[in-house]
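Protein sequences appear in the order of chains P and B.
What the first sequence shows, in this note's numbering, is residues 6 to 204, in sequence order.
What the second sequence shows, in this note's numbering, is residues 6 to 204, in sequence order.
Backbone N, C-alpha and C define an ideal beta-carbon position, used for all residues, glycine too.
Here the structure is a predicted model, which is why all the values come from computation and not from measurement.
Take a look at the structure set out below.
Protein chains: 2
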Amino acid sequence: MPRLYDLELSGNCHKVRLLCALLGVPVEIAPVDFMAGEHKRSPLIDKNPFGEIPIFEDGEVTLRDSQAILIYVARKWGDESWLPTDPASMAKVAEWLFAAENEIARGPNDARLHDKFGYALDLKLAREKAHCILSLMEMRLAKTQWLALDRPTIADIACMPYVAISHEGGVPLTPYPAVRAWVERVKALPRFIPMPGQE
Amino acid sequence: MPRLYDLELSGNCHKVRLLCALLGVPVEIAPVDFMAGEHKRSPLIDKNPFGEIPIFEDGEVTLRDSQAILIYVARKWGDESWLPTDPASMAKVAEWLFAAENEIARGPNDARLHDKFGYALDLKLAREKAHCILSLMEMRLAKTQWLALDRPTIADIACMPYVAISHEGGVPLTPYPAVRAWVERVKALPRFIPMPGQE
């Protein structure tokens, strides 16, 4: 069984738990004592020199970065619907994986890291970036049901967790009705599991 | 022929030009007047609502985000060697695509945006992040010839441009001999084309 080094309150870890749940892949959850810095010390720092979680182990394969792990899980246990391999569809999914890694991480995720976990970062900038990416998502989701294609893909799984809890960083979704409707569509997927703050 | 909306001084645009050159894919280069904000206005803002370049057009397909474009070009014109589709190899390449989107963008790229283009951002933080990711790359490249696999992949193409010009952000590569050797290996690839600052 694959193993996930996990923090329940991490949206990045939730992405992995969520996709595994949706695909029916059993995973051993290895809780990490994040506040004590367990991920910054051996043995975890040897598994991921970047000093971050999630870390995903499957046999001989050890992976860092939540988006890269989604790609692995989708390729190994999903089918073409979650991550298609034709050039245009894969690139369209990838556009939103990179938005999760960049704009969403530096927006709603950073604002929440400040408010909920006391990270010293530029809160005003993080909230500006949050509203910027939420406005772009609103524009997209006012026209389509799902972010990348005409069905749910790992693009939705990568982007949903921090957007759904952006209120924890002082960024309510009130001005973004299409985003809120999309969050509800993700929550309604068969076998969906929430993270704290999403209920 | 596909079209690239391009800025010669952009490392993100260079990634796309470089991969197309390496694969022998002819591309129409459409220069963008970046300083005049052409990418923030119609018609480019309609092609990419994120207001950024590169933008890549190929028939009916329009793509934003340099890393997503690399995935498209590799899947369409490359072979399995540049972006393999087996789960572990694809995820290993993806780990470094996300490092290009995150750690390299917020490190050497941001430091250069400050120093060369006058962007108002936290230079000290950008340089710290630059040294952090360069140290991680040094550790990796002290043991392997290429970032993700035992051969060049789009991981190397995504990460090389801003690393090779990090001195333009006040971050010289002097302390990173393995990174410097890797930059030279990328430059030695058949059909390599440089960007300004890399010569």
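When DSSP reads this structure, residue 36 of chain P sits in a beta bridge with P:11. Taken through DSSP and simplified to helix, strand or coil, residue 120 of chain B comes out as helix. Taking a 10 Å sphere around the C-beta of residue 51 of chain P, we find fewer than 16 other C-beta atoms and assign the residue as exposed. Around residue 74 of chain B, the beta-carbon contacts reaching into chain P at under 8 Å are 96.
Within 7 Å of the CB of residue 8 of chain P, no CB atom of chain B is found; the nearest one sits about 15 Å away. Distance from the Cα of residue 19 of chain P is smallest, within the candidate group P:63, P:114, P:130, for P:114.
Burial of residue 77 of chain B is indicated by the presence of at least 16 other C-beta atoms within 10 angstroms of its C-beta. At least one beta carbon of chain P lies nearer than 8 Å to the beta carbon of residue 103 of chain B. For the segment 133-145 of chain B, the beta-carbon criterion of a distance under 7 Å to any beta-carbon of chain P is satisfied by 141, 144.
Near chain B, meaning a CB-to-CB distance below 9 Å, no residue of the segment 10-22 of chain P qualifies. Exposed is the label assigned to residue 31 of chain P, since fewer than 16 other Cβ atoms lie within 10 Å of its Cβ.
Shown here for residue 40 of chain B: not one same chain residue has a beta carbon closer than 7 Å to its own, the five before and five after excluded. For the segment 54-67 of chain B, the residues whose beta carbon sits under 7 Å from a beta carbon of chain P are, in order, 54, 55, 66. Residue-level contact by beta carbon holds for residue 70 of chain B and chain P, with a gap shorter than 8 Å. Taking a beta-carbon distance threshold of 8 Å, residue 116 of chain B does not count as an interface residue toward chain P. For residue 188 of chain P, there is no enclosing beta strand (DSSP E); the enclosing alpha helix (DSSP H) has its first and last residue at 182-192. Of all C-beta pairs linking the segment 85-97 of chain P to the segment 105-123 of chain P, fewer than three are shorter than 8 Å, placing the two stretches out of contact. At a cut-off of 8 Å between beta carbons, residue 166 of chain P makes no contact with chain B. Not flagged as an interface residue toward chain B: residue 85 of chain P, since no C-beta distance is shorter than 8 Å.
Along the segment 146-164 of chain P, none of the residues has a CB nearer than 9 Å to a CB of chain B. The beta carbons of residue 165 of chain B and residue 13 of chain B sit about 16 Å from each other, so the pair does not count as a contact at 8 Å.
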